[in-house]
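Position in the sequence shown counted from 1, then plus 621, gives you the numbering used here.
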Amino acid sequence: MVNSSRQRRQRVAVLGAGMVGLSTAWYLREHGVDVTVYDRDDVAAGSSWGNAGWLTPSIAVPLPEPSVLKYGLRAVLSPSSPVYIPPTADPRLIRWLLQFARNCTNTRWQRAMQALIPLNNGALAAFDEMGHGGVIEPTRTAEPFTAAFRTVADSKGLLEEFEQIPAAGQQVNFEVIDGDEARRQDPALSDEIGTAIRLHGERFLDPSAYVHSVAESVRNRGGEIRSDSEVTDIRASGSGVIIAGEHYDAVVIATGARLNKLARQFGVRRVVRAGRGYSFTVKVDQQPRGPVYFPKQRVACTPVGDRLRVAGMMEFRDVAAPRDPRRIRALVDEASRLLTGAHLDQREDEWVGARPCTADGLPLVGGTEQPARLHRRRSRDVGHHARARDGQAPGRRNHHRQQPRAAARGQPPALRRKPMTNPTHIASPDAPAAIGPYVRAVAHHGVLYCSGSLPLDPATGQLDNADLTAEVRRSLGNLEAVCREAGTSLDRALRPGVFTTRPEAFAEINAAYTEHFEGRPVPARTTIGVAALPLGAVVEIDAIVALT
622 MVNSSRQRRQ RVAVLGAGMV GLSTAWYLRE HGVDVTVYDR DDVAAGSSWG NAGWLTPSIA
682 VPLPEPSVLK YGLRAVLSPS SPVYIPPTAD PRLIRWLLQF ARNCTNTRWQ RAMQALIPLN
742 NGALAAFDEM GHGGVIEPTR TAEPFTAAFR TVADSKGLLE EFEQIPAAGQ QVNFEVIDGD
802 EARRQDPALS DEIGTAIRLH GERFLDPSAY VHSVAESVRN RGGEIRSDSE VTDIRASGSG
862 VIIAGEHYDA VVIATGARLN KLARQFGVRR VVRAGRGYSF TVKVDQQPRG PVYFPKQRVA
922 CTPVGDRLRV AGMMEFRDVA APRDPRRIRA LVDEASRLLT GAHLDQREDE WVGARPCTAD
982 GLPLVGGTEQ PARLHRRRSR DVGHHARARD GQAPGRRNHH RQQPRAAARG QPPALRRKPM
1042 TNPTHIASPD APAAIGPYVR AVAHHGVLYC SGSLPLDPAT GQLDNADLTA EVRRSLGNLE
1102 AVCREAGTSL DRALRPGVFT TRPEAFAEIN AAYTEHFEGR PVPARTTIGV AALPLGAVVE
1162 IDAIVALT
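Written as structure tokens, this is what we have:
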């Protein structure tokens, strides 16, 4: 979407004026795209208003995790439970909950975590970039960030999670302290707290103030924001879409838990449900120095001005359902036992917001089946309540990983339940996410068309550029991971293409390339010298591969 003197400026509509939609609009303006943002209400009127505001990439993990199943059926049917499922006969919700439960395993959690790491690693830098580019509202360093527990046994689950996160390629900087030390550092903690975990390197913000600041920056950059403008229909045109009677080259759907209403017609079949959370603000005698999290009770506390926001609970209920006062009472009851000096009888800003949730806890980001229409949605809004954690970049690189799926009998996981007559987007948890507005590969009529593969480490998202041989090996390895997801390999390649900024190193590139095929027949190939490649890479390799 980059503008040039010989190409008209592209025009994009963004649906949703929350954190996701506005940060996307901000980065589109950064790249010279004309942007109009539509919202059914106003800026930050949805889940971006009353959430906990945590920027915690080191602990941003998929929502479906093994500990969720430990609540049990009786507990989740109770309105006082941290995770509440109101009795329902809705078959769609029941099917979604069963899919969610199937993803609450260590294996699937690890696989999903691998997909989130590139987003987590770039999150704070993206907030910094927006700050340098005109977003005035600051992010604040969370020192300390405290996870508090009644007992050592209660802390076991989070500590086990911390052991698994580094194994997936991400670091967590933490220390364990006893209850007395935790209260000395944060006097707002009650005497019931027996142990705590201090996290370092995290941040937090006031979500409503921050999102309004992003909106103001979008306007200052020439973007337009239209409040009270609900979009109920997106119509195709020959070269784009028609929204509210106006033509756009593309549309970004960032409507959170309401995404399926507009996106389904464009082939987005993955169901997005509302995971609703509650919050309110109170005065406290001694304001905590930083955010406080009670994982067992799923309660998150964040300083907001001279008040403390208490957020938490999770209920799977219709996005438009009215606020349930029993959930507020449950949150008050938990907070009264965990905090001291909190004036819980003088609550203000009582709120419920719908966090968009997928069954595997991963975001939906990428192109729809019709190229002129885009959809973008994040399953974890800015520090949202319930788990109250956010580690995804607000729009810096349009990272995308499609959800890892279990393999169906005789069919590769990425193609399960997808007809081969339609183009099917392919991604792999073992390959780095795309760094631009494209997908890793597209399968169509028995052929896999792979996008260019940079030598990026999937675990860190950084260049593996120790030397030219390492770059070739990594690029080919990433291509192989995408091929495996589609049920093929580079042994069935029809024509790879090598792009390099060092054509004089042709012999070295050939040696590493030949090593990958280990004496097997090599396919046809093109090699092209270029002036530059993304991220300063020396080599990029794409491929066309046979599926059948």
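We put the CB at the ideal spot given by N, CA and C, even for glycine.
Tell me whether residue i sits in a helix, a strand or coil according to DSSP, three-state version.
i: Cys-725; result: coil
i: Asp-954; result: helix
i: Tyr-1059; result: coil
i: Leu-737; result: helix
i: Ile-864; result: strand
i: His-1065; result: strand
i: Ser-858; result: strand
i: Ile-680; result: helix
i: Leu-1156; result: helix
i: Val-920; result: strand
i: Gly-666; result: Note on residue identity: the sequence assigns Ala, not Gly, to residue 666. Correct three-state label for Ala-666: coil.
i: Leu-810; result: strand
i: Ala-884; result: helix
i: Leu-959; result: helix
i: Asp-1163; result: strand
i: Leu-965; result: coil
i: Leu-1170; result: The structure shown does not extend to residue 1170, since the chain is modelled only from 622 through 1169, so no value can be given for it.
i: Arg-1141; result: coil
i: Arg-944; result: coil
Starting from the Cα of residue i, find the closest Cα among the options and give me that residue.
i: Tyr-659; options: Gly-674, Tyr-831, Ala-817 and Tyr-869; result: Tyr-869
i: Gly-896; options: Met-734, Ile-1165 and Pro-707; result: Pro-707
i: Phe-1252; options: Glu-1161, Asp-1163 and Leu-1097; result: In this structure the chain extends from 622 to 1169, so residue 1252 is not present and cannot be described.
i: Thr-1045; options: Asp-981, Leu-1168 and Ala-951; result: Leu-1168
i: Leu-810; options: Gly-653, Arg-632, Val-913 and Val-862; result: Val-913
i: Ile-680; options: Asp-827, Gln-735 and Val-931; result: Gln-735
i: Glu-764; options: Ile-814, Gly-822 and Gly-754; result: Gly-822
i: Arg-1172; options: Arg-938, Thr-961, Arg-968 and Ala-941; result: This structure cannot speak to residue 1172, because the chain is shown only from 622 to 1169.
i: Gly-888; options: Gly-987, Ser-701 and Pro-1144; result: Gly-987
i: Gly-933; options: Ala-963, Gly-962, Glu-971 and Val-940; result: Glu-971
i: Lys-904; options: Thr-961, Ser-858 and Met-935; result: Thr-961
i: Asp-854; options: Gly-667, Arg-1113, Leu-636 and Ser-1074; result: Leu-636
i: Ile-715; options: Pro-1050, Phe-937 and Leu-1084; result: Phe-937
i: Arg-856; options: Ala-884, Pro-909, Arg-732 and Asn-841; result: Ala-884
i: Tyr-1059; options: Ala-1048, Gly-1067 and His-1066; result: Ala-1048
i: Ser-834; options: Ala-638, Asp-939 and Val-1103; result: Ala-638
i: Pro-657; options: Ser-644, Ser-669 and Ile-798; result: For the record, residue 657 in the displayed sequence is Thr; it is not Pro. Of the listed residues, the one whose Cα sits closest to Thr-657 is Ser-644.
i: Leu-952; options: Arg-819, Pro-683, Gly-1108 and Val-920; result: Val-920
i: Pro-1053; options: Val-1151, Asp-711, Thr-1081 and Thr-767; result: Thr-1081
i: Gly-1073; options: Gly-1057, Asn-742 and Gly-1067; result: Gly-1057
i: Glu-1181; options: Ala-1064, Asp-1085, Thr-1121 and Thr-1090; result: The requested residue 1181 does not occur in the structure, where the chain is confined to residues 622 to 1169.
i: Val-1143; options: Glu-837, Asp-1051, Arg-1116 and Leu-1075; result: Arg-1116
Could you give the residue range of the alpha helix (DSSP H) that holds residue i?
i: Leu-1097; result: 1089-1106
i: Arg-928; result: Segment 928-937 is the beta strand (DSSP E) holding Arg-928; no alpha helix (DSSP H) there.
i: Ala-1132; result: 1127-1138
i: Ala-836; result: 828-841
Give the range of the beta strand (DSSP E) segment to which residue i is assigned.
i: Trp-972; result: 969-978
i: Gly-599; result: This structure cannot settle anything about residue 599, because the visible part of the chain is limited to 622 through 1169.
i: His-1192; result: Nothing can be reported for residue 1192: it is not among the residues displayed for the chain, which extend from 622 to 1169.
i: Arg-650; result: Counting along the chain, Arg-650 falls outside any beta strand (DSSP E), though it belongs to the alpha helix (DSSP H) covering 640-651.
i: Thr-1121; result: 1114-1121
i: Ala-817; result: 816-820
i: Asp-849; result: Segment: none, Asp-849 is in no beta strand (DSSP E) and carries neither H nor E.
i: Ala-871; result: 871-874
i: Asp-655; result: 655-659
i: Thr-1148; result: 1147-1150
i: Arg-632; result: 632-636
i: Leu-985; result: 985-988
(request) Any chance you could list the alpha helix (DSSP H) runs of at least 4 consecutive residues sitting entirely within the region 749-808, in chain order? (result) 773-788 and 800-806
(request) Decide yes or no for the touch test of the region 858-872 against the region 927-934: beta carbon pairs closer than 8 Å, at least 3 of them. (result) No contact exists between the region 858-872 and the region 927-934.
(request) Ignoring anything shorter than 3 residues or poking outside the region 888-922, list the beta strand (DSSP E) runs there in chain order. (result) 894-903 and 913-915
(request) Inspect the CB distances between the region 962-979 and the region 878-885 and report whether three or more fall short of 8 Å. (result) yes
(message) I want to know whether the region 752-768 touches the region 824-834 - three or more CB-CB distances under 8 Å.
(response) yes
(message) For the region 661-669 against the region 741-756, do three or more pairs of beta-carbon atoms, one drawn from each stretch, fall closer than 8 Å, so that the two count as touching?
(response) no
(message) Whether or not the region 793-803 and the region 715-727 are in contact is what I'm after, with contact meaning three or more pairs of Cβ atoms, one per stretch, closer than 8 Å; do they touch?
(response) no
(message) Under 8 Å: do the region 767-782 and the region 840-853 share three or more Cβ pairs, one atom per stretch?
(response) no
(request) Determine contact between the region 1070-1079 and the region 1124-1143, defined as no fewer than three beta-carbon pairs at a distance below 8 Å. (result) no
(request) Taking 8 Å as the threshold, find out whether the region 671-679 comes into contact with the region 648-655 through three or more Cβ pairs. (result) no
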